[in-house]
Each structure stands twice: as C-alpha cells, then as structure tokens.
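Some notes on the structure that comes next.
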C-alpha cells in the first residue's frame with residue numbers, strides 16, 4: 002500500500018475486536034424465553050486447490066502464518082484486506098487474504114483488544130484507555146485522548162464520524178468528529194463492556210458481564226435485553242436477532258421482536274470468546290482450546306462443533322463474503338474459505 006516502515010513483516014501462508022475474560026455464568030432472559038490474491042506466483046505455497054483462489058468452497062479451516070508469536074486479540078476484514086491486533090500494540094495488515102503481512106506502526110505499546118476499519122480510518126483500542134487512530138489507511142497513527150486509564154476492550158463504527166468504544170467498568174464513549182473528541186454516553190453500567198455491534202449509527206448493542214443492552218438512540222439510553230453473566234461478545238445481522246457467547250461455552254440466540262432466547266451448548270463446553278456472522282445461516286463462534294461452533298442449519302436451531310486445525314485459544318473472529326478468519330494466542334490465525 003506504498004508504506005515506508007522501519008519494520009515490515011512479509012510472511013507467506015503455511016497452509017492455506019473485542020475480547021476479554023471473565024468468570025463462570027449462565028444466561029437468563031426477560032420475557033417468555035429461556036435464559037483472494039493470485040497464488041500462482043513464485044515462492045507462494047500450495048493453498049490446497051487447483052485454481053489458485055484458496056481452499057475450495059466448504060473446505061476445512063486452514064492455518065495462516067502471522068509471522069508473530071504474540072497473542073492476537075482482534076481481527077477485522079473486508080474483501081482481501083485483513084487487520085489483526087494484539088499484545089504490545091501490534092497491528093498487522095494483509096491485502097492478499099492473509100498470504101503476506103505487514104506490520105503497521107501503531108505508535109503504542111499498549112495491548113490492543115479491538116480494531117475497526119471504516120473508510121480510510123482505522124480505530125484500535127486497548128489497555129489504559131488507549132485509542133489509536135489512522136485517517137490514511139494505516140500510513141500513520143495518532144493517539145486520541147480518551148480521558149481514562151480504564152482498559153478499553155472493543156470498538157465499533159457505522160462510519161468514520163460515528164464511532165463507539167467501550168471497556169472496563171462500563172466505560173463507553175462516542176466520537177462524531179473523526180476521533181477528535183469522545184463524548185460520554187449514558188452507557189451501559191453493568192460491569193465491563195466487552196463487545197459492541199451495531200446495525201447503524203443509532204442502533205447499537207453492548208455485551209457486558211451481566212447483560213446485553215440495546216440502544217436505539219445512538220447511546221443516549223440503553224434497554225436491557227438479555228440478562229446473564231460473563232458475556233464475551235455478540236453479533237446481530239438485522240437488529241432483531243442477536244447471537245451472544247459467554248464463558249460457560251454457551252451460545253444464546255435471541256429475538257428482540259419475540260422476546261425469546263434459545264441456548265446452545267457445544268459438546269466440549271470451553272469458554273467462547275467471540276462470534277461473527279455473515280447472515281443467520283453463516284455464524285461462527287470461537288473460544289478456548291481451539292473451539293469452533295457453528296449452526297448446522299439455516300435457522301440456527303442446532304449448533305455443532307467444527308474441527309479446528311489448532312488447539313490454541315481463540316480470541317476473535319471476523320469475516321467477509323468469501324472468508325472467515327479467527328485469531329488467538331501465540332499469533333494463531335486460521336481461515337475458512339466460503340468462496341463460490
């Protein structure tokens with residue numbers, strides 16, 4: 002991307018956010034329910050297919066080489082661009098679906114727990130109130146003033162001018178001026194906020210230690226939607242159906258309109274750390290011990306464990322229309338290709 006950096010990581014694929022950790026819990030609900038680049042070039046490895054476009058549709062998960070051994074806590078992706086972030090201020094970028102990686106100069110040594118890209122803007126958040134922001138696609142980063150020493154765990158944006166960050170003790174802020182200032186919102190006050198997701202600038206969900214909250218007025222007020230403990234992440238594709246994961250290794254799917262929740266527990270109930278979906282038929286939850294948990298049908302009624310190529314703890318998951326990436330401890334990265 003034309004960067005000039007003192008340090009670059011250019012590594013090849015070997016074989017092909019927002020997370021934190023809390024204690025044990027279960028879920029109870031209110032209401033009626035239960036609680037691609039071309040791989041044909043010289044020096045690139047075999048990606049396990051015949052056409053050079055990555056794994057065939059429906060292929061199993063494949064290991065990527067991040068070139069680092071630090072824990073990776075966050076991943077974001079669009080088309081063939083992928084960003085991952087983690088311990089020590091590490092931010093890595095790939096523009097060829099994970100085949101090669103470049104280290105971006107984040108300007109911080111704080112551990113980063115969440116990263117989001119919108120337009121040419123990159124926002125990353127982490128320990129001790131760290132917010133770093135690039136407005137030029139990662140060429141340069143500046144540290145934004147958060148006015149807190151609390152750890153920040155997650156970031157979500159509908160566009161460059163509507164950005165939410167949250168973290169320890171319910172700390173939640175919103176910027177509407179490209180990160181120049183961060184305004185307090187009435188914000189969820191149910192313990193640490195460890196996950197954010199939204200469908201537009203006004204409609205935002207927050208996962209906390211003791212509940213899942215929903216705002217329909219850009220964070221000015223919050224409504225408790227799911228009561229429970231130790232939630233780690235959430236995702237919604239349409240603003241009605243929520244998918245929430247927690248430390249008990251449980252996935253809870255929740256319909257706001259019907260006020261009904263359904264729990265799904267994998268065979269090996271390891272803590273689940275993150276969840277992402279392309280649509281209601283394509284959702285992936287990941288967690289400790291290499292756990293990968295997915296719905297077996299388009300309705301999300303039954304969930305099954307998928308085989309993982311690694312046993313490392315996963316910290317985050319994110320995807321595109323063609324691929325899904327999961328990252329975790331020790332620089333772990335895997336990818337699944339769903340390309341037609």
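Numbering (the working numbering), first residue to last: 2 to 341.
Positions of the beta carbon are idealized from the N, C-alpha and C atoms, including for glycine.
A quick note: this is a predicted structure, and the numbers were derived from the prediction, not measured.
Residue 128 carries a helical assignment under DSSP once its states are collapsed to helix, strand and coil. Non-local C-beta neighbours of residue 295 in its own chain, meaning closer than 6 Å and more than five positions away in sequence, comprise 285 and 307, ordered along the chain.
DSSP assignment within the segment 266-290 yields the following whole beta strand (DSSP E) runs of 3 residues or more, N-terminal first: 273-280 and 283-288. Residues of the same chain with a CB within less than 6 Å of the CB of residue 293, apart from the 5 flanking positions on each side, are 287, 307 and 309 in chain order. Per DSSP, reduced to three states, the secondary structure at residue 71 is coil, with no helix or strand assignment. When C-alpha distances from residue 115 are compared across 318, 245 and 322, the shortest belongs to 318. The C-alpha of residue 238 lies about 33 Å from the C-alpha of residue 108. Among the bridge pairs identified by DSSP, residue 232 is matched with 247.
Per DSSP, residue 202 lies in no beta strand (DSSP E) segment and is marked neither H nor E.
Within its own chain, the residues whose Cβ lies closer than 6 Å to the Cβ of residue 240, once the five positions on either side in sequence are excluded, are 200 and 204, listed in chain order.
With a beta-carbon spacing of about 6 Å, residue 262 and residue 227 fall inside the 8 Å limit used to define contacts.
Here residue 258 is exposed. Its C-beta has fewer than 16 other C-beta atoms within 10 Å. DSSP places residue 81 in the coil class of the three-state scheme, outside both helix and strand.
Only residues of its own chain outside the window of five on either side were considered, and among them 164 and 183 have a CB closer than 6 Å to the CB of residue 176, listed in chain order.
Residue pairing by DSSP places residue 113 opposite 127 in a beta bridge. Excluding sequence positions up to five before and after residue 209, its CB lies within less than 6 Å of the CB of 189, 191, 192 and 194, all in the same chain and listed in chain order. Boundaries of the beta strand (DSSP E) around residue 254: 252-256. Distances from the alpha-carbon of residue 321 to those of 338, 150, 147 and 65 put 338 closest.
By the neighbour-count definition (other C-beta atoms within 10 Å, threshold 16), residue 244 is a buried residue. Taken through DSSP and simplified to helix, strand or coil, residue 220 comes out as coil. The beta-bridge partner set that DSSP reports for residue 173 consists of 167.
DSSP places residue 329 in the strand class (E or B) of the three-state scheme.
With a cutoff of 8 Å on beta-carbon distance, residue 229 and residue 212 are scored as near each other. Scanning its chain for C-beta atoms nearer than 7 Å, with the 5 sequence neighbours on each side dropped, one finds around residue 313 the residues 291, 329, 330, 331 and 333, in chain order. A straight-line Cα-Cα distance of about 16 Å links residue 206 and residue 153. Around the beta-carbon of residue 131, 16 or more other beta-carbon atoms lie within 10 Å, marking it buried. In terms of CA proximity to residue 148, 172 leads the group 156, 172, 162 and 137.
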